[in-house]
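Everything on this sheet refers to the single structure shown next.
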Amino acid sequence: MKALFIALAIVFVVLLIFFILFPLIKKSVLKNRYISSYGRDIYHIANYYDYYLINRLLLKANDDSYIDIDHLLLANKYIFVIKDYYFEGSLLAKDNDNSWVYYFGNYKNPQKKLLNNLLKENDNRLKKLSMITGLDKSMLISVVLVNNDCDLKYQKEDSEEAYLIKRNELKKLIEQIEARDVSPLNVEQLSYAVHDIARLNERVK
Numbered sequence: 000m001k002a003l004f005i006a007l008a009i010v011f012v013v014l015l016i017f018f019i020l021f022p023l024i025k026k027s028v029l030k031n032r033y034i035s036s037y038g039r040d041i042y043h044i045a046n047y048y049d050y051y052l053i054n055r056l057l058l059k060a061n062d063d064s065y066i067d068i069d070h071l072l073l074a075n076k077y078i079f080v081i082k083d084y085y086f087e088g089s090l091l092a093k094d095n096d097n098s099w100v101y102y103f104g105n106y107k108n109p110q111k112k113l114l115n116n117l118l119k120e121n122d123n124r125l126k127k128l129s130m131i132t133g134l135d136k137s138m139l140i141s142v143v144l145v146n147n148d149c150d151l152k153y154q155k156e157d158s159e160e161a162y163l164i165k166r167n168e169l170k171k172l173i174e175q176i177e178a179r180d181v182s183p184l185n186v187e188q189l190s191y192a193v194h195d196i197a198r199l200n201e202r203v204k
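In numbering that gives the first Met the number 0, the protein residues as written are 0 to 204.
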């Protein structure tokens, strides 16, 4: 009886430690590997809707600069240019501001850091992607993706081509945009575009 009690006590302690440490470990893993973690979500979306997906895309522009795109999701009507970020704190953002404010650290006395407008940076990626590939920029949708537990305070303007959202909102956003009353992309041209872009990817050379 005593041995059973000790065994149960040990199991209880192990479970208690697990439930205390698991959220911390999970958060640490996500923080360090958020691009691959987000990528799994986007892969499931691509697989479910039979979309094309290219991850970790690095393209060289004519001026010898590079553009780094975490995920390029080629859907039926639009191409989504997705850049991932992880913020352990609060992010204050407005579409047209040159800088955003990031608060992190102790929540009672947080540190403050100014960031370049991530939507404007992603728009520059879209412009270069259009120049490199010949894709019409009107086909491209900019998405800046942040972690679900980021305290996001975001004031959006009327743009229908650029979005700052949390990870768990991506599927719904893509569904809404793909539901717009526009003609689908040419399937054959889209297939060629996928192969051409994949061929240009510096990460696989």
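C-beta atoms are modelled at their ideal positions from N, C-alpha and C, and glycine is treated no differently.
With H, G and I counted as helix, E and B as strand and the rest as coil, what does DSSP make of N61?
Against the sequence shown, residue 61 aligns to sequence position 62. Taken through DSSP and simplified to helix, strand or coil, N61 comes out as coil.
CA-CA distance, I173 and D150?
For the purposes of this step, residue 173 is taken as the residue at position 174 of the sequence shown. For the purposes of this step, residue 150 is taken as the residue at position 151 of the sequence shown. Using only the alpha carbons, I get a separation of about 22 Å.
Mapping DSSP to helix, strand and coil, what is K141?
On the sequence shown, residue 141 is found 142 positions in, with the first residue counted as 1. Just to set this straight, residue 141 is Ser in the shown sequence, not Lys. Strand, per DSSP.
Assess, as a yes-or-no matter, whether the segment 45-59 is touched by the segment 157-169 under the definition of 3 or more beta carbon pairs within less than 8 Å.
no
Residues that N54 bridges to, as DSSP identifies them
As a working mapping, residue 54 is identified with position 55 in the sequence shown. Bridge partners of N54: H70.
Could you have a look at V181 and say whether DSSP puts it in helix, strand or coil?
Taking the first residue of the sequence shown as position 1, residue 181 is located at position 182. Looking at V181 - three-state DSSP - the assignment turns out to be coil, as it is neither helix nor strand.
Work out the CA separation of E201 and Y191 for me, nearest whole Å.
Numbered from 1 along the sequence shown, position 192 holds the residue referred to as residue 191. Numbered from 1 along the sequence shown, position 202 holds the residue referred to as residue 201. Answer to the nearest angstrom: the Cα atoms are 18 Å apart.
Uninterrupted alpha helix (DSSP H) stretches inside the segment 113-179 (no shorter than 4 residues)
117-132 and 169-177
From I66 to R166, what distance separates their C-alpha atoms?
Against the sequence shown, residue 66 aligns to sequence position 67. Against the sequence shown, residue 166 aligns to sequence position 167. Distance between the alpha carbons of I66 and R166 is about 22 Å.
Would you give the residue range spanned by the alpha helix (DSSP H) that D83 belongs to?
Taking the sequence shown and counting its residues from 1, one reaches residue 83 at position 84. Taken as a continuous stretch (DSSP letters only), D83 belongs to no alpha helix (DSSP H), being part of the beta strand (DSSP E) at I78 to D83.
Beta strand (DSSP E) containing V186: first to last residue?
Residue 186 sits at position 187 when you count from the first residue of the sequence shown. That residue, V186, is in no beta strand (DSSP E); its alpha helix (DSSP H) goes V186 to L199.
Just checking, does the segment 133-145 make contact with the segment 73-82 on the three C-beta pairs under 8 Å criterion?
yes
Pairwise C-alpha distance: H43 and L57:
By 1-based counting over the sequence shown, the position of residue 57 is 58. By 1-based counting over the sequence shown, the position of residue 43 is 44. Taking the straight line joining both Cα atoms gives about 22 Å.
State the beta-bridge partners of V203 as determined by DSSP.
Indexing the sequence shown from 1 puts residue 203 at position 204. Answer is none; V203 lacks a bridge partner.
Along the beta strand (DSSP E) that carries G104, what are the first and last residues, could you check?
Locating residue 104 in the sequence shown gives position 105, where the first residue counts as 1. In this chain, G104 is not harboured by any beta strand (DSSP E), its DSSP state being neither H nor E.
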